[in-house]
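To start, the structure itself, in structure tokens.
Residue numbers (UniProt numbering), protein chains in the order written: chain A, 1 to 815; chain C, 1 to 815.
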């Protein structure tokens, strides 16, 4: 099958076994790599253990050891080994590269390299390249108020924290799209490789164009163990392992063993082969203009977990077993023998010689490390804000829906917006992409294909010409994996570009945890002085709950907003534009913003349109407002506030106003609409929040409020429980009541239909007395008639759709 | 490399190409299969299109066609083909099998089979096997108030709805674990195959024991297209495809083409080969007692999407293209030619001949369909509640932590509970499993290995003997994929068994969407008369936010509770036991319950213990209660209520009471503790909810309440906004403020530490005047001292941990 058939053993021990043969390093070079490896490992242990005596200039004593031992050693040796050998190729070929650390808690590896390369001291001058600096560098690691054990935003060169596992490969691909010179060297832990998101992200090669994109060089690190278990990929046969990656579309090159000298040669030769192949494929494609999908190279690096640690401690396996996962010797504070063992282990890395002047020798550094921005820890790509250019924006007003008669014009907001989106794509052909899990066309955004087709590097069939919209070079990225789409988009944004993810609303929960983690990243990044702000991560949700009546209960879940609303107000924004012009205004605002996660909820079907473009801009800028044209209170204190948030809930709320005025033409009803959800919360808790005074100005302090909401109703309560008059606030929304329904029936189940809203309002106005009861009954009968018609025919009565608001409002105003 | 090298084409067209050769079917049998295939396809189209004239006894007119056309045809032909050919083997080998329909919206396939097998009419007598029954069967499909286009709970034989894609394989494995005779025939859509959860679930073979478990026979259906895109796996080379599955550990057998007759032979021969291989591997293992991991067979079935539909309509591709994904001809209501086309297409399936008596002939049915519970649509395994046996339970009281001095005893609740869990395992060795993503040991549950080790069918190394706890037959399932663990557990439960998932709290968000979908399944199942209740899905969350201080911000997210709380009150339960005996009581309760998703949150570190076992049982049974032993109100109206929910928040709240009483010995403080979160909500909204009267009895109607909560504080507000006196409720919880901290510092950031709580309480009691200010300042200084000590040493001052509550409470009581 391939070169690796000769390799039988799946042990991490022994002299190097590798697919690529060759001894590219001289004896002298090997010595240098040995020294650098030792220096790096010393730093990794120092971070975990020492709070003082960083160079072991004195005998190691308890007082030098941290009171609480934290950090992970297990994957550090393999990662360091990879990093430093790739540096050789950066220097030799002048490569533009970043390093992505997939294994969990891999910070000791990357921090040690950033420190040795000098980047760390440059961005954090107190962590200087001297004894004091090293002491602070050690002490701050996993120490209160210090830095994390992951490749957090504080880590120079990092775009991937790896706190939650699974996204290294999709992040790496996101980084290299439209960065044709970039190589993302990506170490994937064999634990991480078991996650679903990682397991499918290998297929990203079917979306990578060798002409316009850079390359990802994955190093699958068969470290052998997770926290407390062997890893699957380290315990299957060579044949299976090789087959798996050939199946995924990669050419795996194996490097296995623990004999350091031969491993130096093997990894050096292998990485070089990979770089040469990458450059060859890119050159072929770029010279010929033909974008093919080669079998991109991938390294399988098998080394013992905790490589170079003592093999056994107290007759229990440490190196090459899961015991070396975290702090390798845990009881040095309690066990003097183990403290001694630690000291002798650390001294085996020769700190005296290697850090003679409290830093590695200039000669060693110059020989092995790239300089300036060629250092992977200093590549500006990994500080995307610094290289980000603003999007070139069409004027969104040019795409306005003409609303001659507010509440009469029918149009599809999403289809209309897609023309604007198409032109955003067209104006930013190398810095904006649209992502989606096979739903872009279904979500009515197909017009974007006029500017950029769907990237496809798989085989082509005859049928594709019949509206397939596929091309090797495109701007739309579609794979049926929300995880991969989100990971690509995050990687793309974090390296200085812009994008939008579109998804069905119910299945966006698939990436709850990824969005959580991205929120955390951008929030922390705000605290890191040297990081510039990146573009916002924009998520457009459509195929919303209220039009998932026919797909049923599984497709009804608007709860992503709850997940997002739990994140820091510094970074999250939620918009529910009520119509097409508001959608345009909101999209424009989101695309121009930085460092947020913007969630936009908008249905994809045809709906009534309410606001002219100028009105929409005013409304969206305020984020919340009274709609006088739909109100009958004429600026006076109203009897009732009918509020809404979300396009479909707004439609029903306006219809309810109409129904109420039909029965009670004298009623003073105020119509309030919310676009920006965080207007509801106090300005103390969110920068967008209203003051209580502003709140009362809109909602009154004592009048009943019937609030029709897009999502779960209690989200509004959680945002408003402190508000004056919150006791009068009656929120309707999705209450997890669904089945195979029509839109009306689904709304009735959840009491968000016009009839229920109007009845609800009547119930809150006891002063209507008998007239109220009579109207209530009439409304109820009307509701039942409409519902029965739907059950008979399978579709809602047309009057529900064609209802127009103005008649009774106008009458009421005249009266 | 394998048999398939000879297959070059990746087109779905042409005579059958297959790995397995042979013509097992006679000409007569082929005719029968042709007839059955046509009858099934006719039903599939009937469901999508017809509301009347089900047998086309009259010419098709518009009035017979549904007003709204819904449903998906694309995957039905391939699924039907697979189902009916597997029936041959069920009959021949008397197999015990279920069918799992992976492709999205695959209901027309499975419903047609359930109807033809007679099961559908048995469970839904109005859908009888006659013209009227068929009319109702057609009309109800995707019709308001009817049945869904997925394999919903209403579908006999289904344990897998497939509304959200990605879980067919993990569900299938869950079903066959500990069901040694069962085969789960599992069709995987090539769209679904792109999802992360599915991509890693193929590795489940490393956890399947051929002696004690049944088998999964996957049929990867290369249908070629998703909604609007080609699929990745249908557009890679044969070599890659075959390698991929060999890499995953399967032996792929290819069956490809669209020529029906040769496809009958090829699929019949291939499925038979697979069944024979499965039986052979099982026999070898069971005879020898040696559980090896064979390369289990897998079928790759490549047929055109919408197979047998017109190849083109109006010169646009339909069959073999994404246009056949959903309703294949969409405009039959508007375009009379297309209505004609539909009619002639439907008649090509020969309804007149095949449904002569309005049902398929007895002869055909008997020849091809299994009977009774051998029908995949009637296998009781897929109605797990009917075969479920109650767990054999140890007496949880036997594992009580002895609490001599409440609030003084220090113990690890989780370690203690693990002995109980071990014995639950031991008593139910074929019907209970523990699942976890490599965290069981870290979560302090390692004692369970004494009863059942971790299932591992990968290679073994020497090191494994050194505490590896691996075995081919075990009871603990660990793979670093929350998705796979959850999918296994769901499959296991839905087929009549019991289990528990343990996970780090922050990363449970990875499976938000899966848990959502399971909640929806069990809620809908309650409405299906013939379904019996299954065991609850139990999720134990630990490594909680308040002890993720050192791992940092990425590891801090208690928001899973918000996601769960959005689901129907019929099915969700959330418990936060404050100590070890409460944890035991809660676990016991959850294991005995049915049809819930129970979420239990408990930290894994050592903590103070408060309640004796009998007190704990009383407290947990009530779910919420006053703790008089920690209160100084002596049953009178208090000045202040200090409430808490969650073990660590309880600890801090009690310490705050102590601090307050130190300063104000006369203060009447009431201590309220919440175990069952839904006690907080109104009894109108949740069956566990308190009445307002009960609420006031605990919390008062007008006194300040300082509520220390485990999760995001607004979750409590959303549950309680309607409560009397809710304006006095001040909730503290995680506010998304984190870093690398100590526990104290993390709590201070979020104002949940004892000092902040006590200061908070003082702020709500203006009547304390100057004494209040002085106490506040003292507390603040104490807080700063503690915090500075932590920053200096890296660990919190010991007094925080060893604090004991009773001194000041006792004093206060005496006074």
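C-beta: ideal position from N, C-alpha, C; glycine also.
Model, not experiment: these values are computed from the prediction.
Would you be able to state if there are at least three C-beta pairs under 8 Å between the region 550-569 of chain C and the region 654-672 of chain C?
-> no
Where residue 94(A) sits in the DSSP three-state scheme = coil
When Cβ atoms are compared, which residues of the region 479-493 of chain A fall closer than 9 Å to chain C?
-> 479, 480, 481, 482, 483, 484
Distance, Cα to Cα, residue 205(C) vs residue 205(A)?
-> 26 Å
Which residues in chain C sit within 7 Å of residue 553(A), going by Cβ to Cβ distance?
-> 520, 524
For the region 240-306 of chain A, which segments carrying the beta strand (DSSP E) assignment without a break, of at least 3 residues, lie completely within its bounds, in sequence order?
-> 250-256, 296-302
Inter-residue Cα distance where the pair is residue 809(A) and residue 633(A) = 10 Å
Exposed or buried, which one is residue 781(A) when buried takes at least 16 other CB atoms within 10 Å?
-> exposed
Can you list the residues of chain C that residue 718(A) reaches, using a CB-CB cut of under 8 Å?
-> 714, 715, 717, 718, 721
State the CB to CB distance for the pair residue 793(C) and residue 549(C), rounded to an integer number of angstroms; the pair is presumed to be in contact (CB under 8 Å).
-> Rounded, the Cβ-Cβ distance is 14 Å, inconsistent with contact.
So who's on the other strand from residue 141(C), going by DSSP bridges?
-> 147(C)
In angstroms with no decimal places, state the Cα-to-Cα distance between residue 811(C) and residue 663(C).
-> 12 Å
Compute the distance between the beta-carbons of residue 43(C) and residue 124(C), then report whether it is under 8 Å.
-> no
Pull up the distance between the alpha-carbon of residue 682(C) and that of residue 719(C), whole angstroms please.
-> 8 Å
Helix or strand or just coil, what does DSSP make of residue 221(A)?
-> strand
Element boundaries [alpha helix (DSSP H), containing residue 603(C)] | First-last for residue 603(C): undefined, no H or E at that position.
Just mark residue 766(C) as buried or exposed, buried being the case when its beta carbon has 16 or more other beta carbons within 10 Å.
-> exposed
From this set, 96(A), 81(A), 23(A), which residue's C-alpha is nearest residue 305(A)'s C-alpha?
-> 81(A)
Check distances from the C-beta atoms of the region 129-147 of chain C to those of chain A and list, in chain order, the residues that come in under 7 Å.
-> 142, 143, 144, 145, 146, 147
Could you tell me which chain A residues have their CB closer than 7 Å to the CB of residue 442(C), listed as they occur along the chain?
-> 227, 228
Just how far apart, CA to CA, sit residue 171(C) and residue 144(A)?
-> 43 Å
Alpha-carbon to alpha-carbon, residue 751(C) and residue 289(C) = 59 Å
Give a yes or no on whether the C-beta atoms belonging to residue 432(A) and residue 391(A) are separated by under 8 Å.
-> yes
Select from 489(A), 12(A), 86(A), 801(A) the residue whose C-alpha is nearest the C-alpha of residue 370(A).
-> 86(A)
What are the residues that DSSP puts in a beta bridge with residue 215(A)?
-> 183(A)
Any chance you could list the alpha helix (DSSP H) runs of at least 4 consecutive residues sitting entirely within the region 361-429 of chain A, in chain order?
-> 362-368, 413-427
Using a Cβ-Cβ distance under 8 Å, would residue 86(C) count as near chain A?
-> no
Taking only runs that begin and end inside the region 423-507 of chain A, name each unbroken alpha helix (DSSP H) of 4 or more residues, in chain order.
-> 482-494
Alpha carbon of residue 411(C) to alpha carbon of residue 417(C), nearest angstrom = 11 Å
Spell out whether any CB of chain C is found under 8 Å from the CB atom of residue 197(A).
-> yes
Residues, ordered as in the chain, of the region 241-265 of chain C that lie near chain A by beta-carbon distance below 9 Å = 241, 242, 243, 244, 245, 246, 247, 248, 249
In three-state DSSP terms, what is residue 521(C)?
-> helix
Span separating the alpha-carbon of residue 407(C) from that of residue 800(C) = 13 Å
Cut-off 6 Å between Cβ atoms - residues of its own chain near residue 817(A), not counting five sequence neighbours on either side | Since the first and last residues shown for chain A are 1 and 815, residue 817(A) lies out of range.
Would you say residue 664(A) faces chain C, with C-beta separation under 8 Å as the test?
-> no
For residue 48(C) and chain A, any beta-carbon pair shorter than 8 Å?
-> no
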